[in-house]
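**Q** For the sequence shown, the numbering used here assigns the number 398 to the initial residue and increments by one for each residue that follows. Glycine included, C-beta positions come from ideal geometry on N, C-alpha and C.
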Amino acid sequence: MNKLSLIYDRSRVPLYLQVASVMRQRIETGHWKEGEKISTLEELEKEFLVARVTIRQAVEILRDEGLLDSQQGRGTFVSGKPKNNRWFNLATDFDSVLESLKQNVVKSVSVQENAGKPNLGSGEGHLADSYAFLRSVQYNDGAPFSVVNLHLDQKIFARDSKRFLRGAALPVIVEMGDVVIAHAYQTLTIGVADPETADLLKIGLGEPVADCHLVLVDDRDIAIYSANIHYIKDCFAVRSDLLGKGGARGRASAKRR
398 MNKLSLIYDR SRVPLYLQVA SVMRQRIETG HWKEGEKIST LEELEKEFLV
448 ARVTIRQAVE ILRDEGLLDS QQGRGTFVSG KPKNNRWFNL ATDFDSVLES
498 LKQNVVKSVS VQENAGKPNL GSGEGHLADS YAFLRSVQYN DGAPFSVVNL
548 HLDQKIFARD SKRFLRGAAL PVIVEMGDVV IAHAYQTLTI GVADPETADL
598 LKIGLGEPVA DCHLVLVDDR DIAIYSANIH YIKDCFAVRS DLLGKGGARG
648 RASAKRR
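So, in structure tokens, the structure goes:
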């Protein structure tokens, strides 16, 4: 068995979907540029070591997505790019999180008062007496890109429930002058879409999603806000300047000083 076959066997995803994912990534990264003719079916068959019908199925998927266009007698050309192209920069500081919410439309899906309590990690504060559970979907340019499952301290929710149901909860909490946010813990992992998340985001069941766990702890060490946010895989990136405000490093920068 060749090396590529072993790689295919590690996944239970159908071969044509695996091949389509690799081809889609080539378009996303610009390896295959818009208007460019891609490899022939025969060349792709040899490269991926799969049957011709598998290549045809993969090409058909990308044609349906508007990424490829097959022209009789000429070949297959790149006709577009994926819609969600890493436009959302996942914030790494609290002020940036608040700023990012201004551009999004939040639509409430469900709310349950006095719901079950969230699962908190080590060091994420203590549980409040009770929580309201709010599920919402965030939209950008008319398309859903994240699902938010939020446990909010019931007492805080009751103070302005109408506003919490109309939009994002974070700005409302920040405006409450007597609420002191002592810590804001954010954890990012990679997961897959469950049935409800897949339905709300209009993606396939089991597709990769970025899972962001955000917990706000007040000055009493109570977790007043615990959200699990699921982002579609194609919309986000994490960008940061690793040198930050410290400036350049190395001998050249030292000489300038």
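(1) Taking DSSP's pairing of strands, which residues face L441 in a bridge?
(2) Along the chain, where does the beta strand (DSSP E) containing D466 start, and where does it finish?
(3) Does DSSP classify L446 as helix, strand or coil?
(4) Per DSSP, which one or two residues make a beta bridge with R532?
(5) Could you give the first and the last residue of the continuous beta strand (DSSP E) run that contains L640?
(6) Provide the residue span of the beta strand (DSSP E) that contains D616, from first to last.
(7) What residue range does the beta strand (DSSP E) around I587 cover?
(8) Using the beta-carbon count (16 or more within 10 Å), is H523 buried or exposed?
(9) Write down the C-beta distance between L459 and A417 rounded to the nearest angstrom, noting that I regard them as a contact closer than 8 Å.
(10) Give me the Cβ distance between A525 and I626, rounded to the nearest whole Å; I'm assuming they're in contact under 8 Å.
(11) Kindly give me the distance between the Cβ atoms of D461 and S476, rounded to whole angstroms, as I take these residues to be in contact under 8 Å.
(12) For G497, name the three-state secondary structure that DSSP assigns.
(13) On the premise that L487 lies in contact with L585, defined as a C-beta separation below 8 Å, what is that separation, rounded to the nearest angstrom?
(14) Quick one: what does DSSP say P515 is sitting in, helix, strand or coil?
(15) So, under 8 Å CB-CB, A607 and L498 are touching, yes? Tell me the CB distance rounded to an integer number of Å.
(16) By the 10 Å Cβ neighbour count, where 16 or more other Cβ atoms means buried, how is P515 classified, buried or exposed?
(17) Look at the alpha carbon of G601 and the alpha carbon of G463, and state the distance between them as a whole number of angstroms.
(18) Report the partner residues of G472 according to the DSSP bridge assignment.
(19) If you count every other CB in all the chains shown that lies within 10 Å of the CB of L441, and 16 or more means buried, which is it?
(20) DSSP on K559, reduced to helix/strand/coil?
**A** Let's see:
(1) Here residue 441 corresponds to residue number 44 of the sequence shown, with the count starting at 1. Note: L441 sits in no beta bridge, so no partner.
(2) The sequence position of residue 466 within the sequence shown is 69, counting from 1. Where D466 is concerned, the enclosing beta strand (DSSP E) stretches over 465-468.
(3) As a first step, residue 446 is located in the sequence shown; it is residue number 49 there, counting from the start. Coil, per DSSP.
(4) If you number the sequence shown from 1, residue 532 lands on position 135. Partner(s): S507, N546.
(5) Locating residue 640 in the sequence shown gives position 243, where the first residue counts as 1. Element bounds for L640: n/a, residue is neither H nor E.
(6) In the sequence shown, the residue the question calls residue 616 occupies position 219. That residue, D616, is in no beta strand (DSSP E); it is neither H nor E in DSSP.
(7) For the purposes of this step, residue 587 is taken as the residue at position 190 of the sequence shown. Run containing I587: 578-589, per the beta strand (DSSP E) assignment.
(8) As a position in the sequence shown, residue 523 is number 126, starting the count at 1. H523 comes out exposed.
(9) The residue you call residue 459 lines up with position 62 of the sequence shown. The residue you call residue 417 lines up with position 20 of the sequence shown. Indeed they touch by this definition, with Cβ atoms about 6 Å apart.
(10) Residue mapping note: residue 525 aligns to position 128 of the sequence shown, counting from 1. Residue mapping note: residue 626 aligns to position 229 of the sequence shown, counting from 1. The Cβ separation is near 20 Å, so there is no contact.
(11) Taking the sequence shown and counting its residues from 1, the one referred to as residue 461 is at position 64. Taking the sequence shown and counting its residues from 1, the one referred to as residue 476 is at position 79. So it is not a contact: roughly 12 Å between Cβ atoms.
(12) Counting from 1 along the sequence shown, the entry for residue 497 is found at position 100. As written in the sequence, residue 497 is Ser, which differs from the Gly given in the question. Here S497 sits in helix by DSSP.
(13) One-based indexing of the sequence shown puts residue 585 at position 188. One-based indexing of the sequence shown puts residue 487 at position 90. With 8 Å as the limit, L585 and L487 qualify as a contact, their Cβ atoms being about 7 Å apart.
(14) The residue you call residue 515 lines up with position 118 of the sequence shown. Three-state DSSP puts P515 in coil, outside helix and strand.
(15) Indexing the sequence shown from 1 puts residue 607 at position 210. Indexing the sequence shown from 1 puts residue 498 at position 101. In fact, because the Cβ distance is near 17 Å, the residues do not count as touching under 8 Å.
(16) In the sequence shown, the residue the question calls residue 515 occupies position 118. It counts as buried.
(17) Here the question's residue 601 lines up with position 204 in the sequence shown. Here the question's residue 463 lines up with position 66 in the sequence shown. Approximately 17 Å between the Cα atoms of the pair.
(18) One-based indexing of the sequence shown puts residue 472 at position 75. DSSP lists Q468 as partners of G472.
(19) For this step, residue 441 is matched to residue 44 along the sequence shown. Result: buried.
(20) On the sequence shown, position 162 is the one that residue 559 refers to. The answer is helix: DSSP assigns K559 an H, G or I state.
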